[in-house]
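Note that the numbering used here gives residue 299 to position 299 of the sequence shown, counting from 1, and the numbers run on in steps of one. Ideal Cβ placement from N, Cα and C applies to all residues, glycine included. The structure presented is a predicted model; accordingly, all values stated were derived computationally and were not measured. One structure is given here, and the rest of the page talks about it.
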Amino acid sequence: MNQPIRLPPGQQLVAADKWPLVGERTPQKSDSPWTVSIGGLVGQPQIFSLDTLRTLPQTEQTVDIHCVTRWSKLQVGFGGVRLADLLSAAKPSTKARYISFVARSARHHSTSLPLSDAIEQQTLVALRCDGQPLAEMHGGPVRIVVPGRYFYKSVKWLTAIELLADDRLGYWEREAGYHNAADPWLEQRYIASELTKQQIATMLHSRDWSNRELRGIEADGLDLAGLVARGALLRNASFRRCNLRGANFEQANLSNAHFDQAVLSGASFINADCEGASFAGADLRGANFSGASLFGASFYDELQQGATSHEVETGSNVFEPAKFDAATRIDTAAIEQLTPPQQAFLGRHR
Ligand SMILES: Nc1nc2c(c(=O)[nH]1)N[C@H]1C(S)=C(S)[C@@H](COP(=O)(O)O)O[C@H]1N2
Ligand SMILES: [Mo]
């Protein structure tokens with residue numbers, strides 16, 4: 001009988017005896033004993049020695065590795081401690097919504113996940129592979145293994161676990177445009193699916209996106225202060241929580257783009273098409289919308305009126321309203337393009 005196909009789109013199998021090395025090669029040299037700490041939004045911060053990790057209840061897991069660079073290695077046997085078990089010892093606060101894993105390595109390499117995702121994906125704090133201690137080049141003595149996500153979410157040489165209220169992008173996600181969600185079955189490789197990794201790196205470094213076609217780019221959370229995107233095609237682009245201070249979007253096509261909770265102070269949207277774009281919770285102090293089209297644009301989240309009292313209490317799904325000041329410029333004609341509730345909101349907050 002044939003095995004059912006378990007290769008996500010665009011992936012190829014490596015030879016059975018091969019396991020490529022990707023990213024950093026070694027941990028940082030240090031004389032102090034290895035520890036793994038749990039901190040941030042927890043009731044009881046923890047520090048585990050390797051010996052303690054080895055005496056906690058162990059689990060074995062067979063995991064399919066999918067690297068963003070298109071190789072896959074199926075059915076790898078990892079052993080270690082379930083992340084969920086380690087976390088319960090630390091008593092995470094109800095405000096913790098993200099988890100960040102930090103490496104003991106030269107660049108303090110890190111990556112992050114929504115906390116619920118990390119638990120649902122059966123994340124493992126791995127000490128062994130194929131019954132042997134994990135090799136140093138593959139993250140030994142202890143690494144994270146997140147089944148069901150591209151392998152860049154699996155930090156080698158784990159030394160700290162931090163629980164956070166807001167996401168903190170990891171090294172590849174911040175520096176190289178790797179997609180923050182990283183689901184291989186959805187091919188969430190890079191923030192822009194039509195561009196190569198090299199093109200994305202160049203774009204992030206130069207911050208000049210003028211006249212480029214970047215429909216649907218998923219740039220959530222990136223620091224893009226001073227971005228120049230004059231005349232760029234950015235329909236459906238996602239810039240949630242980005243730092244876009246002083247960005248230039250003049251004449252850009254931003255229809256249905258998402259700027260929720262982004263910092264847009266001093267940004268220019270002169271003559272831009274912002275139809276259907278959302279700016280809920282964005283900082284728009286000093287932003288200039290002269291000549292911009294705002295049909296169907298929103299400055300607060302109307303759905304939020306349907307938020308449950310639990311969400312309101314915990315702040316889990318509640319956006320601050322957009323911020324304006326006397327220097328924010330929006331044409332009277334553009335305000336008339338908004339829906340009545342959005343117009344009323346602007347009337348109250350500007
Ligand atoms: N500390 C650290 N962890 C890391 C990386 C890194 O550069 N440093 N690279 C990531 C990437 S991009 C991949 S694909 C995997 C590679 O793991 P491997 O070298 O064991 O195959 O580790 C991930 N974890
Ligand atoms: Mo990777």
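Note on geometry: alpha-carbon atoms of R215 and A165 lie some 29 Å from one another. Annotation for I161 indicates a beta carbon at 8 Å or more from all heavy atoms of ligand 1. Going by beta carbons, P133 and G140 fall inside the 9 Å limit.
The C-beta of S293 has 16 or more other C-beta atoms within 10 Å across all chains shown, which makes the residue buried. By the neighbour-count criterion, in which 16 or more other beta carbons inside 10 Å mark a residue as buried, A344 falls on the exposed side. Around the beta carbon of K73, 16 or more other beta carbons lie within 10 angstroms, which makes this residue buried. Burial of H109 is indicated by the presence of at least 16 other C-beta atoms within 10 angstroms of its C-beta.
For A118, the shortest C-beta to heavy atom distance toward ligand 1 is 8 Å or greater. For I161, the closest C-alpha among the options A192, H179 and L113 is that of L113. L13 has its alpha-carbon roughly 20 Å from the corresponding atom of Y190. DSSP, read as helix, strand or coil, puts I217 in coil.
Between I330 and R350, the CB-CB gap stays under 9 Å.
Going by beta carbons, R82 and T123 fall inside the 9 Å limit. Around the C-beta of A252, 16 or more other C-beta atoms lie within 10 Å, and the residue is accordingly described as buried. R128 is bridged by DSSP to G79 and P133. In this structure, K323 and D283 form a Cβ contact; the two beta carbons are roughly 5 Å apart against a cut-off of 8 Å.
K156 carries a coil assignment under DSSP once its states are collapsed to helix, strand and coil. In its chain, beyond the 5 residues on either side, D64 and L74 have a beta carbon closer than 8 Å to the beta carbon of R6. Runs of the beta strand (DSSP E) lying entirely within the segment 139-214, each at least 3 residues long, are 143-145 and 158-164 in chain order.
Shortest gap from the CB of G23 to any heavy atom of ligand 2: under 8 Å. Rounded to whole angstroms, the separation of the alpha carbons of R25 and Q44 is 33 Å.
Note on the segment 36-90: whole beta strand (DSSP E) runs with a minimum of 3 residues are 46-49, 59-66 and 71-82, in chain order. At a threshold of 8 Å, F151 counts as near ligand 2, since its beta carbon sits closer than that to one of the ligand's heavy atoms. Straight-line measurement puts the Cα of E194 at about 17 Å from the Cα of D208.
In the structure shown, the three-state DSSP call for S32 is coil. Of all alpha-carbon atoms in L244, G79 and V155, the one lying nearest the alpha-carbon of F269 is that of L244.
At the C-beta level, L127 and G79 come within 9 Å of one another. Straight-line measurement puts the Cα of H179 at about 9 Å from the Cα of W172. Membership of A103 in the beta strand (DSSP E) is indicated by the continuous run Y98 to A103. Under a 10 Å Cβ-count criterion, N211 is classified as exposed, with fewer than 16 other Cβ atoms of the shown protein chains found around its own Cβ. Going by DSSP, T111 is part of the beta strand (DSSP E) stretching over S110 to P114.
In the structure shown, L13 falls within a strand segment according to DSSP collapsed to helix, strand and coil.
For F269, no alpha helix (DSSP H) run applies, since DSSP gives it neither H nor E.
Judged by DSSP secondary structure, T26 falls outside any alpha helix (DSSP H); it is assigned neither H nor E. For R348, the enclosing alpha helix (DSSP H) begins and ends at P340 to H349.
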